[in-house]
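A.B. asks: Residue numbers (the numbering used here): 2 to 144. One structure coming up, written as structure tokens, with questions to follow.
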Amino acid sequence: MDLYLIRQWFSDHNTVGTLYIGTLWECYTLEDVVREPGVKIPKETAIPYGKYQVIIDFSNRFQRMMPHVLNVHMFEGIRIHAGNTDKDTEGCILLGKERGKDGVLRSRIAFNSFFDKLRQEKDDIWLSIDYYRGQHGNDNNRI
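Here it is, written out as structure tokens:
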């Protein structure tokens, strides 16, 4: 299964994007701020652009099975989970069915729908993270 996270809206507090399963839109995403390569402020930085394997395993923090993004340079324990604002993430990827002024909305609905699809997958799961280049190459959609 191929997942694509396209970062589209950048602010001083968070990064909002869209998540696709294959070519089908799944939901919006919310992450911490994207920083220059190699720069990390603990609990306030989005994971680097790239391609990562995702597995489902037990999260001690959430006390349940959850998607786990593996082998993220300078990060540990990156999960995909429910949450609404940058206060709900420490580098993880949050999901929502709607974009709000300062985050994503209907997060539990988005997460449950996404997680149901992941649990049915028998093949490896890969997440590619990129940014929106826009119709005319605009890659800095500030909100």
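Using N, Cα and C, we set each Cβ at its ideal position, and we do this for glycine too.
#1: Applying the criterion that 16 or more other CB atoms from any shown protein chain within 10 Å of the CB defines a buried residue, is Pro43 buried or exposed?
#2: Counting along the chain, where does the beta strand (DSSP E) carrying Ala111 start and finish?
#3: If we ignore side chains and look at the alpha-carbon of each, how far apart do Tyr29 and Glu99 end up?
#4: Please name the residue, chosen from Trp10, Leu71, Phe63 and Met75, that lies closest to Gly84 on a Cα-to-Cα basis.
#5: At which residues does the beta strand (DSSP E) containing Tyr50 begin and terminate?
#6: State the CB to CB distance for the pair Pro68 and Leu119, rounded to an integer number of angstroms; the pair is presumed to be in contact (CB under 8 Å).
C.D. replies: If we stick to the structure as given:
#1: The residue labelled residue 43 in the question sits at position 42 within the sequence shown. It counts as exposed.
#2: Position 110 of the sequence shown, counted from the first residue, corresponds to residue 111. No beta strand (DSSP E) contains Ala111, which is instead part of the alpha helix (DSSP H) from Ser108 to Gln121.
#3: Taking the sequence shown and counting its residues from 1, the one referred to as residue 29 is at position 28. Taking the sequence shown and counting its residues from 1, the one referred to as residue 99 is at position 98. Spanning the two alpha carbons is a distance of roughly 7 Å.
#4: Mapped onto the sequence shown, residue 84 falls at position 83. It is Phe63 whose Cα lies nearest to the Cα of Gly84.
#5: Within the sequence shown, residue 50 is the residue found at index 49, counting from 1. First-last for Tyr50: undefined, no H or E at that position.
#6: Mapped onto the sequence shown, residue 68 falls at position 67. Mapped onto the sequence shown, residue 119 falls at position 118. Going by Cβ atoms, the distance from Pro68 to Leu119 rounds to 6 Å, so yes, they are a contact pair.
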